[in-house]
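Participant: Before I ask anything, here is the structure I am working with.
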Amino acid sequence: VARRSTFSRRTFLLGSGFAALEAACREPEARMARPPEAATGGVQRALEAALEAARKAGASYADARVVRRRYEQIKTREDHVTEVAYEESYGIGVRVLAGGAWGFAASADVVPDAAAAAARDAVAIARANLRASKRPVTLAPVPVYHDTWRTPGAVDPFAVPLAEKVEYLLSLWREARGVSGVKYGDAGLESFGDWKAFASSEGTVLEQEVTRIKPFFKVTAVDAASGAFESRRDELGPMQAGWEYVLRSTLKADARKIAEDSVERLRAPSVTPGAYDLVLAPSHLWLTIHESIGHPTELDRALGLEANFAGTSFATPDKLGKYQYASEIVDVYADKTTPGGLATVGYDDDGVKTQRWDLVKGGRFVGYQTTRDQAAWIGESASRGTSYAEDFKSVPFQRMPNVSLAPSPAARSLEDLVAATDRGILLTGDGSWSIDHQRYNFQFGSQMAYAIEGGKIAHVLRDVAYQASTPEFWKSCDLLGGAASFRLNGAVHDGKGEPQQSNAVSHGCPPARFRRVSVINPSSKRPGKAPT
Amino acid sequence: VTDALEVVRRALAAARTAAPDAELVVSGSTRRTAHTRFARNELTTSGDARDTRVDVSVAFGRRHASASTNQIDDASIAALARRALEMARLVPEDPELLPVLGPQRYREIGAAFDEATSRLEAAARAEMAARAIAAADAASLQLAGFVEHQA
C-alpha cells in the first residue's frame, strides 16, 4: 500500500536538523568544501523550499539533495603535460513519492524558487508515471538523523598547488626513462570532491563530504627490431583519501620497477594454455570480485531492472540462502563503512546509515544490496543503505557498496600461497576482462603473470588470461591470505543505469588460490605450445 | 531559458579581460534532459533536469588548461576564467599542443531541433512505456526499456 501523505509543514520547518546544518555551515573553521551559499543559509532555504513545495503539491514523501561536485584531471606523457582540466557542477535534485510513484526533477539554480519549481515538476512526473506503474513504491522505515560526515584526514587535493601535482607526475617518468627498451610513459591524477546536503520530509538532515583520489602510471616498452610492445600499469588502487595518499604511496619508488616489468614482459615466454592453480594478488582479484560477486548481488539487476542495459544476474532471489556460490572458506561482505573505501560514507542517498553485511557466508549466497524501495521485494524490513546518485541531476538508485573477500584467520602471506603451490601462475594487477550478461561466464587478464614452479616464482609469463564460470571459479578457492595481506583496490568510474551514472567502489581482499582454472592464451601471434 | 551563446560571450569577455594575450576557446551548452525507464513490465525511474555548461580552454603559448562549470552568474564565470588562466600559467609546456582553429564557417543544420520533442513531458513518456508494456503483457513477455529526450 502506498504511504499516505505523512509529512507536515511542522516536520521539516521546525526540525532541529536545519538549524544544525546552518550552524555547521557558519563555523569559520569549517573544513568542508562547501559552496558559498551554505554559509549564508542559501542551501538550507532551497532544501526547505523544495520540501515545502512537494508537500503542498501532494507528495507523500520527498527528499532533496544539494550537490557540489569537483573533478580535476591531470595527464602527463613522458616529460610534458598533455591535459589539465577542472570541472565543477552544483545544483539541487528533488525526489518525491506521489500516488505511490517516484518523480524526480533537478535544477542548477540552488535558490528557493527554482527548488520549489523542481519539487512541483517532480510531483507532476510522479503522477504521470502512475499511468505505467503497477504496484506502489513502499519505503522501508529509517530513523531520523541529523549528522555530518566527511572523509577523515584527507588533504584536499584541489587545494594542493597544481605545480606540485604536475611535478610529482613528471618525476615518475624520470624514475622510469633510464630503463633500456622503455619508450613511453603515461601518468595521471584524478581528484574527486563531492559535497552533499540532504534533507527529507521525514526530518533527516545530513551534510557529507567525500574526497577521492586516483594516481596512475603506465610504461610502454617497444622492441625496436620487431615493433612488438608491452605496457605495464601501476597496481596502486584509487582511494577515498586526499593528496596525502599519493605522497605516502610507493608509486614513485615503484616507477622504475614498473618500467623494468614492461621490458621483461616483452621478453617473457608466452603461456601454454591449460589448467593451472592460480594465485591471485589483491591488486588483481578485486576486479574479479567486482564483476562476479559485486554486480550479481545487486538486487535490481537480479530482478531484471537493468536488463536492457547493464545486464541481469544468475544470482536470482530463489537462490538466496540456498545456493552454494563458493567454497566454504569464502566469506564475502558488503560494506559502506570501510576506512578508505571508495563507496564509504556516513549515510546513503536515501538517508540510511551505512553498514556492513554478508553477501556470501561459508560459500553460501546469503545477501543482496538493497535500497529503501527494494527491501520489501525480498521480504527484508530495512534497507542495506546502497542508494546513490552521481550528481545533483541524477536519480538515486541502487549502487554497489564496497564488496570485499574476508581474509583467513590464519596469518598467511602471498609468499606463503606461492610456496604452497607446485605448478601454477601468480597474477598481479588488473587487465582486460569480459563477463556475460548474467555475470556467469568470464575471462580476466592481468598486469603481470609469473610462472610458479615447485613453490617458487620461476619467471614472467605473458599472454595469460583465465576463463571460468562464476560458481566453478569461486568453488575452486582453497587458500586465502591472512588479515595482514588484505588490500583495498577499486574503480572510480563504475557505470550502471540509464541515464548512465558513475559510481566509485572499493574491493578488499587477501591473496587467494584457485585450483585447476582454465588458462588461455589470447594472443594470435604467440599462441604458446599445445597443452600437455 | 538560458541562452548558451550569451553565456559563452560573457565567459569569453571575462577571460579576455583577465588575459588579453591568451588563446581562448569557450564553449557552452544549455540542455534539458528527461527520461522514463521501465523494466519487468513496469515503470522504474523517471527524471527531468535542466543544466547549463560553460567550458573555458586557455593557452599561453604551449601552456594550456581548461575548466568548466554549470554556474553561470557573473561571479562564477569570472572565477571560472580566473581558474583556467591560473592553471594554464602553472603547467609546463606541451610540445604537442596544436594551434587553435581560426574562424570557421559551419553548415546550417536546421532540422536538428524538433520543437515537439523538446516539449515532451512525463505523461507522454509514460504513455509510450505503458503501450510497450501492454504489448509485452499481452504476449507474456518480460520487457525493459528506456525513453529519453534532450533539447
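These protein sequence lines map, in sequence, to chains Z and C. For my numbering, count along the first sequence from 1 and bump the result up by 65. For my numbering, count along the second sequence from 1 and bump the result up by 22. Glycine included, C-beta positions come from ideal geometry on N, C-alpha and C.
(1) Flag this pair as yes or no: are the beta carbons of A205(Z) and A447(Z) separated by less than 8 Å?
(2) Which of the three DSSP states is assigned to G359(Z) in this structure?
(3) If you draw a straight line from the alpha carbon of T535(Z) to that of P472(Z), how long is it in whole angstroms?
(4) Kindly indicate which three-state DSSP category Y128(C) falls into: helix, strand or coil?
(5) Can you pull the chain C neighbours of N373(Z), defined as C-beta to C-beta under 8 Å?
(6) With 8 Å set as the bound, which would you pick, yes or no: does the beta-carbon of A120(C) sit closer than that to a beta-carbon of chain Z?
(7) Okay, do the segment 521 to 533 of chain Z and the segment 576 to 588 of chain Z touch, 3+ Cβ pairs below 8 Å being the bar?
(8) Taking 8 Å as the threshold (C-beta atoms), are T486(Z) and A346(Z) in contact?
(9) CB-CB under 6 Å to R54(C), same chain, minus the five flanking residues each way: which ones, in chain order?
(10) Which chain C residues sit within Cβ distance under 9 Å of Y54(Z)?
(11) With 8 Å as the limit, tell me which residues of the segment 143 to 161 of chain C have their beta carbon closer than that to any beta carbon of chain Z; keep them in chain order.
(12) Excluding the 5 residues preceding and the 5 following E329(Z) in the sequence, name in chain order all residues of the same chain whose CB lies nearer than 8 Å to its CB.
(13) Compute the distance between the beta-carbons of D8(Z) and A375(Z), then report whether it is under 8 Å.
(14) Would you list the residues sitting across from A514(Z) in a DSSP beta bridge?
(15) Should Y128(C) be labelled buried (16 or more other beta-carbon atoms within 10 Å of its own) or exposed?
(16) I'd like the span of the alpha helix (DSSP H) that includes Y155(Z), first residue to last.
(17) Do you know how far the Cα of R32(C) is from the Cα of D96(C)?
(18) Using a beta-carbon distance cut-off of less than 9 Å, what residues from the segment 187 to 204 of chain Z approach chain C?
(19) I need the straight-line Cα distance from T451(Z) to D136(C), nearest angstrom please.
(20) Is the distance from the Cβ of A171(Z) to the Cβ of F462(Z) below 8 Å?
(21) Within the 8 Å Cβ cut-off, does A37(C) reach chain Z?
(22) Determine, for H145(Z), whether the minimum Cβ-Cβ distance to residues of chain C falls below 8 Å.
(23) Using alpha carbons as the reference points, say which of E153(Z), L545(Z), D365(Z) lies closest to F579(Z).
(24) Can you give me, in chain order, the residues of the segment 442 to 473 of chain Z that have a beta carbon less than 7 Å from any beta carbon in chain C?
(25) Could you tell me which residues DSSP pairs with I500(Z) in its beta bridges?
(26) What does the Cβ neighbour count give for V122(C), buried or exposed, with the cut at 16 atoms within 10 Å?
(27) Taking its Cβ as the centre, do 16 or more other Cβ atoms sit within 10 Å of K590(Z), making it buried, or is it exposed?
(28) Taking all protein chains shown into account, do 16 or more other C-beta atoms lie within 10 angstroms of the C-beta of D383(Z), making it buried, or fewer, making it exposed?
(29) Chain C partners of G168(Z), CB-CB under 7 Å?
(30) Just verifying my parser: in three-state terms, what is the DSSP assignment at S49(C)?
(31) What residues of chain Z sit near L65(C), judged by a beta carbon separation below 9 Å?
(32) Looking at chain C, which residues of the segment 524 to 558 of chain Z have a Cβ within less than 7 Å of any of its Cβ atoms?
(33) Just to make sure I have the definition right: I need the residues of chain C whose C-beta is within less than 7 Å of the C-beta of A228(Z). Which are they?
(34) Would you report the Cα separation of A144(C) and T91(C), rounded to the nearest angstrom?
(35) What residues of chain Z sit near R54(C), judged by a beta carbon separation below 7 Å?
(36) Give a yes or no on whether 8 Å exceeds the smallest Cβ distance from G369(Z) to chain C.
Facilitator: Here's the rundown:
(1) For the purposes of this step, residue 205(Z) is taken as residue 140 along the first sequence, with counting starting at 1. For the purposes of this step, residue 447(Z) is taken as residue 382 along the first sequence, with counting starting at 1. For A205(Z) and A447(Z), yes; Cβs fall inside 8 Å.
(2) What you label residue 359(Z) is simply residue 294 of the first sequence in a count that begins at 1. Of the three classes helix, strand and coil, the one that applies to G359(Z) here is helix, per DSSP.
(3) Taking the first sequence and counting its residues from 1, the one referred to as residue 535(Z) is at position 470. Taking the first sequence and counting its residues from 1, the one referred to as residue 472(Z) is at position 407. Cα to Cα, T535(Z) sits roughly 20 Å from P472(Z).
(4) Start at 1 with the first residue of the second sequence, and residue 128(C) comes out as number 106. Coil at Y128(C), not helix or strand.
(5) Numbered from 1 along the first sequence, position 308 holds the residue referred to as residue 373(Z). Chain C residues near N373(Z): A61, A166, G167, F168.
(6) Position 98 of the second sequence, counted from the start, is the residue given in the question as residue 120(C). Just to set this straight, residue 120(C) is Leu in the shown sequence, not Ala. So no, L120(C) is outside the interface.
(7) yes
(8) The sequence position of residue 346(Z) within the first sequence is 281, counting from 1. The sequence position of residue 486(Z) within the first sequence is 421, counting from 1. No, the Cβ-Cβ distance between A346(Z) and T486(Z) is not below 8 Å.
(9) Taking the first residue of the second sequence as 1, we reach residue 54(C) at position 32. Correct list, in chain order: R72, A173.
(10) Only positions 66 to 597 of chain Z appear in this structure, which leaves residue 54(Z) out of reach.
(11) E143, A144, A145, R147, A148, E149, A151, A152, I155
(12) By 1-based counting over the first sequence, the position of residue 329(Z) is 264. Excluding residues within five positions, the ones whose Cβ falls inside 8 Å are V525.
(13) In the structure displayed, chain Z extends from 66 to 597; residue 8(Z) sits before or after that span and is not available.
(14) Looking up residue 514(Z) in the first sequence gives position 449. Answer is L492(Z), L526(Z), bridged to A514(Z).
(15) The count along the second sequence starts at 1 and reaches residue 128(C) at position 106. Exposed: under 16 other Cβ atoms inside 10 Å.
(16) Translated into positions along the first sequence, residue 155(Z) becomes position 90. Here Y155(Z) belongs to no alpha helix (DSSP H); instead the beta strand (DSSP E) covers 145 to 163.
(17) Mapped onto the second sequence, residue 96(C) falls at position 74. Mapped onto the second sequence, residue 32(C) falls at position 10. Going from the Cα of D96(C) to the Cα of R32(C) covers about 8 Å.
(18) A187, A189, I190, A191, R192, A193, N194, L195, R196, A197, S198, K199, R200
(19) Your numbering for residue 451(Z) matches position 386 in the first sequence. Your numbering for residue 136(C) matches position 114 in the second sequence. Those two C-alpha atoms are separated by around 38 Å.
(20) Locating residue 171(Z) in the first sequence gives position 106, counting from the first residue. Locating residue 462(Z) in the first sequence gives position 397, counting from the first residue. Contact: no.
(21) Against the second sequence, residue 37(C) aligns to sequence position 15. It does not: the Cβ of A37(C) has no partner Cβ on chain Z nearer than 8 Å.
(22) Position 80 of the first sequence, counted from the first residue, corresponds to residue 145(Z). For H145(Z), the answer is yes, since a Cβ of chain C falls inside 8 Å of its Cβ.
(23) As a first step, residue 579(Z) must be located in the first sequence, where it is residue number 514. When only C-alpha atoms are compared, the closest one is L545(Z).
(24) K458, V460, F462
(25) The residue you call residue 500(Z) lines up with position 435 of the first sequence. Per DSSP, F507(Z).
(26) Reading the second sequence from its first residue, position 100 is the one you call residue 122(C). Exposed is the call here.
(27) Counting from one through the first sequence, the residue named residue 590(Z) turns up at place 525. By the 10 Å Cβ count, K590(Z) comes out exposed.
(28) In the first sequence, residue 383(Z) corresponds to position 318, counting from 1. Answer is exposed; the Cβ neighbour count stays below 16.
(29) Here residue 168(Z) refers to the residue found at position 103 of the first sequence. In chain order: S68.
(30) As a first step, residue 49(C) is located in the second sequence; it is residue number 27 there, counting from the start. Residue state, collapsed to three classes: strand.
(31) As a first step, residue 65(C) is located in the second sequence; it is residue number 43 there, counting from the start. Residues of chain Z passing the Cβ test: A166, W167, N194, L195, R196, A197, S198, K199.
(32) none
(33) To locate residue 228(Z), count along the first sequence from 1; it is residue 163. By Cβ distance, chain C contributes L112.
(34) Start at 1 with the first residue of the second sequence, and residue 144(C) comes out as number 122. Start at 1 with the first residue of the second sequence, and residue 91(C) comes out as number 69. Approximately 28 Å between the Cα atoms of the pair.
(35) Within the second sequence, numbered from 1, the residue matching residue 54(C) stands at position 32. In chain order: nothing, as chain Z lies at least about 10 Å away.
(36) Mapped onto the first sequence, residue 369(Z) falls at position 304. So, interface residue.
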